[in-house]
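Protein chains in written order, with our numbering: chain V, 565 to 765; chain D, 565 to 765.
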């Protein structure tokens with residue numbers, strides 16, 4: 565693909581992202597994308613043949629940003645495990661609370677309608693990657709004596725299911741930043757050896 | 565409302581429940597309900613004036629079934645706290661795995677589109693009630709020496725956010741019964757004093 569085509573494709577993906585974040589996935593048509601891009605129908609179909617294809621492209625351009633390289637870099641840094649885990653959770657929290665350009669509802673709507681096999685499902689991929697990162701951070705924290713945990717994988721999965729629970733709750737019931745902090749702190753405090761746990765209650 | 569009207573209304577709600585569980589909320593129209601009920605449009609509007617009203621009625625006829633009376637009865641029974649907590653979680657699991665007449669997706673779609681104030685939001689109500697029950701069960705278990713837990717409310721909330729996470733995961737990525745068991749057991753094992761925990765790993 566030529567450079568001009570690449571630029572055009574990226575332009576379409578940017579516009580589509582906005583449309584999906586404002587309207588979800590289910591009710592968005594190719595015409596909506598055409599209108600948002602102010603291009604011809606033929607111009608759009610040159611690059612994408614369906615809203616399904618468009619949405620998956622938007623989603624994958626998304627996940628590339630926080631790919632494993634970044635993560636490995638973070639894991640080999642000089643910060644403590646506790647700091648890094650807190651940083652990771654801060655990112656999750658920011659995503660949950662993000663108002664503008666938020667793809668959460670569109671993502672749910674897409675996957676309600678499209679059942680993908682586990683190996684092709686980018687959501688499963690994201691979840692499993694996050695669990696692996698947290699597990700590693702907990703293990704690092706155990707080695708350095710910051711954390712105490714008998715089952716790092718179990719704790720990592722518990723934390724990520726809580727994050728999923730917070731994410732859907734924020735879209736159906738609404739949730740405050742304080743409430744998110746409280747849930748994440750509950751898990752983090754469980755990792756801190758009793759003698760260090762000043763917030764024990 | 566006369567008895568005949570009550571029967572008719574219940575008939576419409578039953579049919580609407582099926583339509584919502586098969587198609588979600590967002591794309592369902594009053595005509596879909598008219599068709600499913602095989603009644604006239606006027607016949608439907610006599611009872612309900614919108615799919616919003618219909619859906620909330622379906623949802624509230626739902627929650628009445630597991631109302632607090634049932635719960636209080638369960639809480640004052642002779643079973644151990646551990647047994648009752650396990651029973652409660654078995655019900656949650658059954659709901660997550662339920663294939664037929666499952667309103668989960670429709671419920672998400674309804675609340676994505678309709679932001680209700682916390683005090684009017686039946687989902688928030690359900691969640692808070694569940695948290696209160698689990699907290700009470702944990703407290704009972706602590707009293708009887710079955711459980712050890714420093715923060716029953718925190719643990720109850722953690723468990724319910726995990727349940728929410730499992731629920732949305734089952735609709736987007738898919739989840740096995742074994743995977744659900746693993747997550748719930750992780751929390752339950754955390755409640756059992758170390759000397760009793762044969763599954764410690």
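Every residue, glycine too, gets a C-beta built ideally from N, C-alpha and C. Given the structure is predicted, the values throughout are model-derived calculations rather than measurements.
Please report the distance separating the alpha-carbon of residue i from that of residue j.
i, j, result
"residue 581 of chain V", "residue 729 of chain D", "25 Å"
"residue 721 of chain V", "residue 584 of chain V", "29 Å"
"residue 682 of chain V", "residue 733 of chain D", "12 Å"
"residue 621 of chain V", "residue 697 of chain V", "24 Å"
"residue 710 of chain D", "residue 607 of chain D", "56 Å"
"residue 605 of chain D", "residue 678 of chain D", "25 Å"
"residue 602 of chain V", "residue 595 of chain V", "10 Å"
"residue 598 of chain D", "residue 689 of chain V", "42 Å"
"residue 649 of chain D", "residue 570 of chain V", "56 Å"
"residue 567 of chain V", "residue 619 of chain V", "22 Å"
"residue 751 of chain V", "residue 586 of chain D", "37 Å"
"residue 572 of chain D", "residue 713 of chain V", "57 Å"
"residue 753 of chain D", "residue 744 of chain D", "14 Å"
"residue 700 of chain D", "residue 758 of chain V", "25 Å"
"residue 684 of chain V", "residue 574 of chain D", "42 Å"
"residue 659 of chain D", "residue 747 of chain D", "15 Å"
"residue 593 of chain D", "residue 642 of chain D", "48 Å"
Given a cut-off of 8 Å, decide if residue j and residue i are closer than it, judged by their beta-carbon atoms.
i, j, result
"residue 674 of chain V", "residue 589 of chain V", "yes"
"residue 644 of chain D", "residue 708 of chain D", "yes"
"residue 726 of chain D", "residue 726 of chain V", "yes"
"residue 626 of chain D", "residue 680 of chain D", "no"
Since I believe residue j is in contact with residue i (beta carbons under 8 Å), could you give me their beta-carbon distance rounded to a whole number of angstroms?
i, j, result
"residue 718 of chain V", "residue 755 of chain V", "Not confirmed; about 12 Å, so no contact."
"residue 676 of chain D", "residue 735 of chain V", "6 Å"
"residue 702 of chain D", "residue 716 of chain D", "4 Å"
"residue 672 of chain V", "residue 609 of chain D", "The Cβ separation is near 31 Å, so there is no contact."
What residues of chain C sit near residue i, judged by a beta carbon separation below 9 Å?
i, result
"residue 733 of chain D", "Any reference to chain C falls outside this structure, whose protein chains are V and D."
To which residues of the same chain is residue i closer than 6 Å at the C-beta, ignoring the five residues directly before and after it?
i, result
"residue 623 of chain D", "686"
"residue 579 of chain V", "600, 601"
"residue 670 of chain V", "584, 588, 589"
Please determine whether the Cβ atom of residue i lies at a distance below 7 Å from any heavy atom of the ligand ATP.
i, result
"residue 723 of chain D", "Annotation note on the ligand ATP: not contained in the displayed structure, which lists no ligands."
Between residue i and the rest of its own chain, which residues show a CB-CB distance below 7 Å, the 5 nearest in sequence each way excluded?
i, result
"residue 691 of chain V", "724"
"residue 646 of chain D", "705, 710"
Output needed for residue i: all residues of its chain with C-beta closer than 8 Å, excluding positions within five of it in sequence on either side, in chain order.
i, result
"residue 741 of chain D", "657, 661"
"residue 765 of chain D", "Only weak support exists for where residue 765 of chain D lies, its pLDDT of 45 falling under 50; the value from the coordinates is given anyway. If we look at residue 765 of chain D and ignore the five residues flanking it on each side, it has no Cβ neighbours."
"residue 576 of chain V", "597, 601, 603, 608, 611, 612, 618"
Discussion item. Using a Cβ distance threshold of 8 Å, determine whether the region 654-663 of chain D contacts the region 599-615 of chain D, with at least three qualifying pairs required.
Written reply: no
Worksheet item: Any chance the region 645-660 of chain V sits against the region 678-695 of chain D, with 3 or more Cβ pairs inside 8 Å?
Response: no
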